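Per the numbering used here, the sequence shown runs over residues -16 to 84.
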Amino acid sequence: MFEVMHVPHRISGKSVVIYNTKAELEREYLNDFASRAGETWHHTEMDWVQALHSSEDKVHLYLQWTRYDEDGSALATYPALWIMTKIHGNWGAQCRSSFAP
């Protein structure tokens, strides 16, 4: 997962979090995510993705994903905005914003 994320990486939810290095992103993101997703979270699926704006090295995406429990019941669905950038020939998520906790 981290290989498709660029740094500095910005996440905006209830507050803004900026990960300045890959090491910081890898060390802190999953712990933070686990506390936000909840104890019954099992997996997340992307529902749909729509490109809003694009250039040769940047795309603004409007998307939605759903979190599921182990039985496949939906826990929550969230729309989001992601900014994907192409750095050194590689595409990755650099900024994400949603109303997910």
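Note that beta-carbon positions come from the ideal geometry of N, C-alpha and C, so glycine has one too. This one's a predicted model, so the numbers in the text were calculated from it and none came from an experiment.
Counting along the chain, no alpha helix (DSSP H) covers ALA83, and no H or E run does either. Among the bridge pairs identified by DSSP, GLY72 is matched with none.
Between THR27 and THR49, the gap from beta carbon to beta carbon is short of 8 angstroms. Taking a cut-off of 8 angstroms for Cβ pairs, the region 11 to 18 and the region 30 to 37 do not touch, as fewer than three such pairs fall below it.
VAL0 and LEU64 have their C-alpha atoms some 15 angstroms from each other.
Under the DSSP definition of a beta bridge, GLN77 lacks any partner. Boundaries of the alpha helix (DSSP H) harbouring LYS5: 5 to 20, taken from the DSSP string.
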